[in-house]
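Student: Under the UniProt record's numbering, read the sequence shown as residues 1 to 156, first letter to last. Attaching a single structure in structure tokens format; questions to follow.
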Amino acid sequence: MTLSVGDRMALSDVVHRYAANVDDGQFDSVVTLFTEDAELVLPEPPAALEPIRSHRGRAAIAGAVAAVAAVTRTEHAIIGEVYDDGPGPGAASGRVACVAHHWSRREDEVLDSVWHLRYDDDYRLTDTGWRIARRALTINAIETRTARKLLPRDRA
1 MTLSVGDRMA
11 LSDVVHRYAA
21 NVDDGQFDSV
31 VTLFTEDAEL
41 VLPEPPAALE
51 PIRSHRGRAA
61 IAGAVAAVAA
71 VTRTEHAIIG
81 EVYDDGPGPG
91 AASGRVACVA
101 HHWSRREDEV
111 LDSVWHLRYD
121 DDYRLTDTGW
131 RIARRALTIN
141 AIETRTARKL
151 LPRDRA
């Protein structure tokens, strides 16, 4: 099976909705972008930047993604996407490059932890469209800097 332009657009939509839903704190919506039996494999920064901790199934993924609520605000910028055919019909793979800002307040400062990251994804075509079957997050680099102001999440 060769991915059609429509398939590539649908896969891109899933990737961008994931980023937007995380940034908006819509973690219940994030989970619907995964298959029922999906796996999310995450690093444990700053000690481990490669994916090492597996979360299987939507309930486990919901808990893992909700950890983002610990920071004041996030912003995920997708900077590159490549999609390929999967091992069979209704399957695809993807490599997504992203810069993710994680802002938090510490006393009178706003800290920006910037992750330069890559998602290695497997997708499956379901009766509700393309969904993420497996996502592994690798952090290539982390920067920490200060920011002058931060719009609260509830005002965006």
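We put the CB at the ideal spot given by N, CA and C, even for glycine. Being a predicted model, the structure only gives us computed values, none of them experimental.
1. Please decide whether residue 34 counts as near chain D, where near means a Cβ-Cβ distance under 8 Å.
2. With a 10 Å radius around its C-beta and 16 neighbouring C-beta atoms as the bar for buried, classify residue 151 as buried or exposed.
3. From the DSSP output, in three-state form, read off residue 10 for me.
4. Grouping DSSP H, G and I as helix and E and B as strand, with all else coil, what is residue 122?
5. Just confirm the distance between the C-beta atoms of residue 30 and residue 18, as a whole number of angstroms; I'd bet it's less than 8 Å.
6. Please report how far the alpha carbon of residue 143 lies from the alpha carbon of residue 105, in whole angstroms.
7. To the nearest angstrom, how far is the alpha carbon of residue 48 from that of residue 40?
Tutor: According to the data block:
1. As a matter of chain content, chain D is missing from the structure shown, which is built from one protein chain.
2. exposed
3. helix
4. strand
5. 6 Å
6. 16 Å
7. 16 Å
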